[in-house]
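Here my numbering is used: the first residue of the sequence shown is 846, the next is one more, and so on. We put the CB at the ideal spot given by N, CA and C, even for glycine.
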Amino acid sequence: MNDNPGEDHFQHPPGFFYVALTEAIADNDEDLMDVDVMDEDMMALEEATLQDDSSSTESLDHDADDIVTEREQVAIYANMRAAMLQGRLERARAEVKKLNRPLALDDVMPVLELYRQLIRIVRPQDDSDREKWIQSRERCLGLQRRLLEKGEVYSIIQAKCETMREKCGGLLEKCVAICEYYDKFQERINSLFEEDEEEEDDEELYDMMRGKMGANEQRIEGLLDEGTTLMQMIEDQMLWAYKLERKSAYNIYQLRRFEGILDDILQSFDDWFGEL
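Okay, structure coming up:
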């Protein structure tokens, strides 16, 4: 056996040709000096070699054709998708331009999403717009910070309103209790003076006490009305702060989505033109 596998592999190709050559040598070992036999064997070997070389060439050509066809199909698909995205992007931009109000994130998000998909497969003419996208990302981050600060302020307002509501609720409960006490006390006075209706002194005392009690009760009822109004104002303030906090949270969520799209767009610029 040959000690050098590489040399043996080079001198005797594997497969059909190596087997055919070995069998030819074994069958014609006694006739190796016969020129005609050697010529026939060599001719058969050459024909077999030529046939296999032709088959290998055809196979390689076929594989190359498949690769070219596959690449052409990929290119056709990419062009079709790019044309589709370009059309959708133009229509989305046209819809945004029709709006007669300040633009919101929900309005521009579909346009940005389409642009993100398009720039992945279509190379921009240059990277002159990259700086604009970088500035947009910085503004997006700054706006997120502002909204986070506002959200904290709204939370503080809600906490203060909650404290005020608890205090106001306690005062209202006291006012109601005092009014109920006056009502019961008035009933007791009425029952006492009903027994001595003929005494003028008692009647004067009754009128005086009833007048004082009535005046006090009216003041308490006035406080109760003011407290009820104040409680409603506190509830309205809490609801206002809650809605603004929720709105800020939603805007922050949208801005983070916006930031993600900007990151992808900038990454596409890096892929096409290299990092800054």
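Residue interval of the alpha helix (DSSP H) (run including residue i)
| i | result |
| --- | --- |
| Gln-962 | 950-966 |
Cβ-based neighbour list, residue i, same chain, cut-off 8 Å, excluding 5 preceding and 5 following
| i | result |
| --- | --- |
| Val-956 | Leu-934, Ala-937, Arg-938 and Val-941 |
| Arg-975 | Leu-1111, Phe-1114, Phe-1118 and Leu-1121 |
| Arg-968 | Trp-1117 |
| Trp-978 | Leu-1107, Ile-1110, Leu-1111 and Phe-1114 |
| Gln-1003 | Met-1083, Ala-1086, Tyr-1087 and Glu-1090 |
| Leu-1100 | Leu-950, Cys-985, Leu-988, Gln-989 and Leu-992 |
| Gln-962 | Leu-930 |
As assigned by DSSP and simplified to three states, the class of residue i
| i | result |
| --- | --- |
| Asn-1061 | helix |
| Gly-945 | Per the sequence presented here, residue 945 reads as Asn, with Gly not at that position. In this structure, Asn-945 counts as coil in the three-state DSSP scheme. |
| Gly-1119 | coil |
| Ile-1106 | helix |
| Phe-1114 | helix |
Presumed contact (8 Å Cβ cut-off) between residue i and residue j, rounded CB distance
| i | j | result |
| --- | --- | --- |
| Asp-981 | Leu-1107 | Note on residue identity: the sequence assigns Ser, not Asp, to residue 981. The Cβ separation is near 6 Å, so the contact holds. |
| Met-1009 | Gln-1031 | Incorrect: roughly 33 Å between the Cβ atoms, too far for contact. |
| Gly-996 | Glu-915 | Contact doesn't hold; Cβ gap of about 52 Å is too wide. |
| Val-950 | Glu-1104 | In the sequence on display, residue 950 carries Leu and not Val. So it is not a contact: roughly 11 Å between Cβ atoms. |
Cβ shell of residue i (< 6 Å), same chain only, five flanking positions each side left out
| i | result |
| --- | --- |
| Met-1076 | Cys-1013 |
| Leu-992 | Ser-1093, Asn-1096 and Ile-1097 |
Cutoff 7 Å; reference residue i; Cβ partners in own chain excluding five residues on either side
| i | result |
| --- | --- |
| Glu-1062 | Cys-1024 and Tyr-1027 |
| Ile-966 | Ala-923, Arg-926 and Ala-927 |
| Leu-944 | Asp-952 |
| Cys-1006 | Ile-1079, Gln-1082, Met-1083 and Ala-1086 |
| Asp-972 | Phe-1114 and Phe-1118 |
CB contact check: residue i to chain D, cutoff 8 Å
| i | result |
| --- | --- |
| Asp-952 | No chain D appears in the structure shown, which is made up of a single protein chain. |
Complete alpha helix (DSSP H) runs within the region 971-1027 (minimum length 4 residues, chain order): none
Complete alpha helix (DSSP H) runs within the region 1071-1095 (minimum length 4 residues, chain order): none
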